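Comments concern the structure below.
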Amino acid sequence: MAKPMSRRAQGQFLPISMTVNGVAREIEVEPHELLLDVVRDRLGLTGAKRSCDVQVCGACTLLLDGRPVSSCTLPAFEARGRGCIRCKRRLSSTAAFSAGSARRG
Ligand code: FES
C-alpha cells in the first residue's frame, strides 16, 4: 500500500525568510499558520501571549518593520521578507521553572 504524501511533498508549506530579534530565520509555514504560533511554538519566543484572539487586548503584539501588529490574526506568511520582528526573548529554563512552580502553588 502506498504511503500517504507528506504535507511538504504536497507543497502545503510556504518557505519564508524573516529577521527575528536581529537574527535571520528561514522556516516553512503552513498557509493557515498564524505568526503568533510560529513565533511562540517554532521559534520559542514566548513574550507575545495569546489572550483574546480577536485583536482587542494587545497581548500578542509584535513589532513588524517597526509597526505593531496583532500576531494572533496575522498569517505567518505575511511576515515573509519583512525586515524585523521584535519580541521578548525566550524565558530561561530557570525562569520558566520558577513561573511554573509559582502557578502550581
Ligand atoms: S491575543 Fe488579544 S489582540 Fe491578539
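The opening residue of the sequence shown carries number 1345 in this note's numbering; numbering runs sequentially from there. Just so you know, even glycine gets a beta-carbon here, dropped at the ideal spot from N, CA and C. In this text, all values refer to a predicted model and were calculated from it rather than measured experimentally.
Check, Outcome
"What distance in whole Å lies between the Cβ atoms of LEU1378 and PRO1419, which are believed to be in contact at a cut-off of 8 Å?", "6 Å"
"Going by C-alpha to C-alpha distance, which of GLU1372, GLY1391, VAL1367, LYS1347 sits closest to LEU1380?", "GLY1391"
"Note down the Cα distance separating ARG1447 from LYS1347, rounded to an integer number of angstroms.", "Note that ARG1447 scores a pLDDT of 40, beneath 50, so its modelled location is shaky; the value from the coordinates is reported in the next line. Each residue's alpha carbon lies about 44 Å from the other."
"Could you pull the start and end residues of the beta strand (DSSP E) that THR1417 belongs to?", "Counting along the chain, THR1417 falls outside any beta strand (DSSP E), and DSSP gives it neither H nor E."
"Under the three-state reduction of DSSP, which class applies to ALA1368: helix, strand or coil?", "strand"
"What's the gap between the Cα of VAL1367 and the Cα of LYS1393?", "21 Å"
"Can you tell which of LEU1389, CYS1396, PHE1357, LEU1407 has the C-alpha that lies nearest to the C-alpha of CYS1461?", "Nothing about residue 1461 can be read from this structure; the chain reaches only from 1345 to 1449."
"Taking the straight line between their C-alpha atoms, what separation do you get for ARG1430 and GLN1356?", "27 Å"
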